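Trainee: Next up is a structure, given as structure tokens.
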Amino acid sequence: MKRKKRISTVILYIVLIFLAVIMIYPFVWSVTASFKTNQQIYGGNPLDLIPKPFTINNYKRVLELLPFGRFLLNSMFLATVVPAISIILASMAAYAFARLEFKGRDFIFMLLLGVMMLPGHVTLIPRYALMIKLGWVNRYIALIIPAIFSASLVFKIFFMRQHFLSIPRELEEAALIDGCSQWGVWWNIMMPNSRPALAALAIIGFKTEWNSFLWPNVVINDFMKMPIQVGLTYLQSNAQSSWDILMAGTTIAIVPVILIFICFQQYFMAGSLTSGMGGR
Amino acid sequence: MGKQADSGLATTSGSPKPSNKRRAALRRELTAWSFVLPSLIGLGIFVYGSLVYSLYVSFTSWDLLTPPKWVGLANYARTFKDPNFIQCMGNTLYFVVAIVPLGIILAMAMAIALNKERPGFKFFRGAYYMPSITSTVAIGMVWLWIFNPDQGVLNTILQFLGVANPPRWLESVKWAKPALSIMRIWQVSGYYMIMYLTGLQNIPKDLYEAAEIDGATKWQQIKSITIPLLANTTVFATIMLTIEAFNLFEAIYVMTEGRPGGTTNTILYYIYTQAFERYRMGYASAMAWILFAILFVVTILQFNARRKKEEIGY
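Laid out in structure tokens, this is it:
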């Protein structure tokens, strides 16, 4: 019996390790290939992961071909500003839906929930037409404002409302009796008591903005304003079969999110759980 | 205006108190609105307004340059006669049928295997989850190389294992769709694994203890306790993964652009090319609404299927 158990444990670990290799291999390959020469990538064994000779030339070439530094800066900016603004707006609205009373509150809330699962493609064309009308095409604002006001804002409102409902009312009541305004309660009591929830939203928001492609690809074609994922597709058409250069670009586009994931793993998991359940 | 209403009320009731109360109520109402209005105005324009406008555009012929021309249902009628649209529909359904069940099974299996605290399990959970947080555009380029028929990793391994003529993957009419499905299953299953891991936390431990006393094997426990009690998670995961599979776009954009011969062209990719390469905004909007309607119906059907099962006590 005991022996049988040990054998099944060994088999389980073999399967788990095998799966882990499959899951991680593309990342490892991308990073190592970015330090290889094209000769090694083409001529050699693809399972040989050690770059011989080791070169950082590919990264130099990427920066020569396209303004990748600028792409990185743009994406860093968008991936912090967009989630920051939308989290603040969402937690304001969430506070009202959780604690304040106003006419039509429940009706409006239901109306919002109705678009939480709305796939972005339905509004893609009218949003683009609106950008043309407003003269926002090829401007940063087109990457910020429409990105804030999307179905994911509704999800954030829903998520923060759930969280606010779980905070005991005594905390605010004491403050209100002391003459604190509703804005004061929201900022000084509700927000500080929601740090883990806010952090989860911020990190998921960073990832989503960093990876976003379809919308920026439609509204931006000026390199100076382009986020990294869009820039990467330009590298793909510029570098054609130079896999060494392309893998350097790919690595630049992937690594920041992976680093953040490694540092804040628990927030990632918490945030995606709830975003999964938010579908209701 | 508010003042007038207040004084009217005060005279009828004969005391100033209700007027104060009303003023306070009004202030409370205004404060509440100041919290929600920024979000509501933005969503009103960019989501609800856009939805209505998109519906209108779908009944017009519009190239963005000249004003839209009303054409009634012509765009919708056209989809039924457009062989490309019909092909895209078929391709998209293929991806849904390939990705959803396999993704769900893999996610559930990974979650059940990792639902303990053992050495290394935290690492495995992180490793399996990692593909789902990386950008499809970037990792798609890596998979482009993995699927490279001549030098790619996959075919090198297959040749090593003795497969004489391994598939030409993304270049082949027959293998391009399976290749993309493999890549997407690889990418998304870790996300749903996390959903299942939370689902598993809600299953009471004593159920397993009771089953063990009754002499049930591990496999019997999984079959008659774990999987049935995960049904709610499975419904959510299935709905979300179905929507995701229907909206396959970035992988197509980077890896195949619909080739070879349109065999990997999906509805969303076709909508994109019709709108932003051919400037057929009306036709693209009509297709977007058809896709939306399909997703809506599929979601409702999946919810109802779950409810029926609940009624018979499963």
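If you read the protein sequences in the order shown, they are chains A and B. Take 0 as the starting number for the first sequence in numbering that gives the first Met the number 0 and just add one per residue. Take 0 as the starting number for the second sequence in numbering that gives the first Met the number 0 and just add one per residue. All C-beta atoms, glycine included, are put in the ideal place defined by N, C-alpha and C. Given the structure is predicted, the values throughout are model-derived calculations rather than measurements.
Which same chain residues, not among the five before or five after leucine 234 of chain A, have their C-beta less than 6 Å away from its C-beta?
Mentor: For leucine 234 of chain A, where only same-chain residues beyond five positions count, the Cβ hits under 6 Å are Leu65, Gly248.
Trainee: Taking Cβ-Cβ distances below 9 Å as the criterion, which residues of the region 108-121 of chain A are in contact with chain B?
Mentor: Listed in sequence order: Leu110, Leu111, Val114, Met116, Leu117, Pro118, Gly119, His120, Val121.
Trainee: Tell me the rounded alpha-carbon separation between lysine 224 of chain A and arginine 69 of chain A.
Mentor: Each residue's Cα considered, the two are about 8 Å apart.
Trainee: Should glutamate 249 of chain B go down as buried or exposed, given a rule of 16 or more other Cβ atoms within 10 Å for buried?
Mentor: Under this definition glutamate 249 of chain B is a buried residue.
Trainee: Can you name the residues of chain B whose CB is closer than 8 Å to the CB of glutamine 44 of chain A?
Mentor: The sequence given here has asparagine at residue 44 of chain A, not glutamine. Result: Thr155.
Trainee: Chain B beta carbons: is any one of them nearer than 8 Å to that of tryptophan 209 of chain A?
Mentor: With 8 Å as the cut-off, tryptophan 209 of chain A counts as an interface residue toward chain B.
Trainee: What are the residues in the region 45-76 of chain B lying within 8 Å of chain A by C-beta distance?
Mentor: So the close ones are Phe45, Val46, Tyr47, Gly48, Ser49, Leu50, Tyr52, Ser53, Val56, Leu63.
Trainee: Who are threonine 59 of chain B's beta bridge partners in DSSP?
Mentor: In DSSP, threonine 59 of chain B forms a bridge with B/Trp69.
Trainee: Does DSSP put tyrosine 278 of chain B in a helix, in a strand, or in coil?
Mentor: Here tyrosine 278 of chain B sits in coil by DSSP.
Trainee: Measuring straight from C-alpha to C-alpha, what distance separates valine 81 of chain A and phenylalanine 108 of chain A?
Mentor: C-alpha separation (whole angstroms): 23 Å.
Trainee: Quick one: list the residues of chain B neighbouring arginine 5 of chain A, beta-carbon separation under 7 Å, in chain order.
Mentor: The contacting residues do not exist; arginine 5 of chain A stays about 13 Å from chain B at best.
Trainee: Please give the ranges of any alpha helix (DSSP H) in the region 249-295 of chain B, keeping only runs that are unbroken, at least 4 residues long and fully inside the region.
Mentor: Entirely contained in the region 249-295 of chain B, the alpha helix (DSSP H) runs reaching 4 residues are, in chain order, 249-254, 266-275.
Trainee: If you count every other CB in all the chains shown that lies within 10 Å of the CB of alanine 106 of chain B, and 16 or more means buried, which is it?
Mentor: Buried: at least 16 other Cβ atoms inside 10 Å.
Trainee: Hey, is glutamine 39 of chain A's beta-carbon within less than 8 Å of any beta-carbon in chain B?
Mentor: For glutamine 39 of chain A, the answer is no, since every Cβ of chain B falls outside 8 Å of its Cβ.
Trainee: Taking the alpha carbon of methionine 159 of chain A as the reference point, which residue from A/Leu123, A/Asn137, A/Ala196 has its own alpha carbon closest?
Mentor: Answer by Cα proximity: A/Ala196.
Trainee: At a CB-CB cut-off below 9 Å, which residues of chain A make contact with leucine 294 of chain B?
Mentor: Here the neighbours are Met116, Pro118.
Trainee: Compare the beta carbon distance of aspartate 243 of chain A and lysine 59 of chain A with 8 Å and say whether it is the shorter of the two.
Mentor: Not a contact, by the Cβ cut-off of 8 Å.
Trainee: Quick one: using the 10 Å Cβ neighbour count with 16 as the cut-off for buried, is valine 296 of chain B buried or exposed?
Mentor: Looking at its Cβ environment, which holds fewer than 16 other Cβ atoms inside 10 Å, valine 296 of chain B is exposed.
Trainee: Does valine 256 of chain A come out as helix, strand or coil in the three-state DSSP assignment?
Mentor: In the structure shown, valine 256 of chain A sits in a helix (DSSP, three-state: H, G or I).
Trainee: The alpha helix (DSSP H) with leucine 143 of chain B in it runs from where to where?
Mentor: Counting along the chain, the alpha helix (DSSP H) containing leucine 143 of chain B begins and ends at 135-145.
Trainee: Take glutamine 3 of chain B and list the residues in its own chain whose beta-carbon comes closer than 8 Å to its own, dropping the five residues that flank it on each side.
Mentor: Confidence is the limiting factor: at glutamine 3 of chain B the pLDDT is only 42, short of 50, which leaves the residue's position unreliable and the question unanswerable from this model.
Trainee: Shortest alpha-carbon distance to isoleucine 49 of chain A belongs to which of A/Trp135, A/Ala19, A/Leu62, A/Trp28?
Mentor: Measuring from the Cα of isoleucine 49 of chain A, the nearest candidate turns out to be A/Trp28.
Trainee: Would you mind giving the Cβ-Cβ distance between phenylalanine 245 of chain B and leucine 179 of chain B, rounded to the nearest angstrom? I have them listed as a contact below 8 Å.
Mentor: Going by Cβ atoms, the distance from phenylalanine 245 of chain B to leucine 179 of chain B rounds to 14 Å, so no, they are not a contact pair.
Trainee: For alanine 292 of chain B, tell me which candidate among B/Tyr75, B/Tyr191, B/Gly281 has the shortest Cα-Cα distance.
Mentor: Nearest option by C-alpha distance: B/Tyr75.
Trainee: Sorted by chain position, which residues of the same chain lie with C-beta nearer than 6 Å to glycine 1 of chain B's C-beta, five sequence neighbours on each side aside?
Mentor: Caution is warranted here: a pLDDT of 39 is assigned to glycine 1 of chain B, below 50, making its placement in the model unreliable, and the coordinate value is therefore given only provisionally. Taken in chain order, the list of residues that qualify is empty.
Trainee: Does any residue of chain A bring its CB to less than 8 Å from the CB of threonine 30 of chain B?
Mentor: At least one chain A Cβ lies under 8 Å of threonine 30 of chain B.
Trainee: How about glutamine 158 of chain B: is its C-beta nearer than 8 Å to some C-beta of chain A?
Mentor: So, not an interface residue.
Trainee: Which residue's Cα is closest to the Cα of threonine 237 of chain B: B/Phe79, B/Ile221, B/Phe302?
Mentor: That would be B/Phe302, whose Cα lies nearest to the Cα of threonine 237 of chain B.
Trainee: On a Cα-Cα basis, can you pick out the residue from A/Pro215, A/Asn237, A/Ile147 that is closest to isoleucine 87 of chain A?
Mentor: Ranking the options by Cα distance to isoleucine 87 of chain A, first place goes to A/Ile147.
Trainee: Could you check whether the Cβ of arginine 160 of chain A sits closer than 8 Å to any Cβ belonging to chain B?
Mentor: For arginine 160 of chain A, the answer is no, since every Cβ of chain B falls outside 8 Å of its Cβ.
Trainee: At a CB-CB cut-off below 8 Å, which residues of chain A make contact with isoleucine 242 of chain B?
Mentor: Ordered by position in chain A, the residues that pass the 8 Å Cβ test against isoleucine 242 of chain B are Met116, Pro118.
Trainee: Roughly how many angstroms lie between the CA atoms of threonine 287 of chain B and arginine 124 of chain B, to the nearest whole one?
Mentor: It should be noted that the sequence gives alanine, not threonine, for residue 287 of chain B. Distance between the alpha carbons of alanine 287 of chain B and arginine 124 of chain B is about 36 Å.
Trainee: Identify, in the order they occur along the chain, each residue of the same chain with its Cβ nearer than 7 Å to the Cβ of glycine 103 of chain A, setting aside the five sequence neighbours on each side.
Mentor: Hits under 7 Å: none found.
Trainee: In three-state DSSP terms, what is arginine 284 of chain A?
Mentor: What the structure shows of chain A is the stretch from 0 to 279, and residue 284 of chain A is not part of that stretch, so it cannot be assessed.
Trainee: Counting only the same chain and skipping the five closest in sequence on each side, list residues whose C-beta sits under 8 Å from that of valine 217 of chain A.
Mentor: Cβ within range, chain order: Leu123, Tyr127.
Trainee: Could one say the Cβ of alanine 178 of chain B lies closer than 8 Å to chain A's Cβ atoms, at least one of them?
Mentor: It does not; no Cβ of chain A falls within 8 Å.
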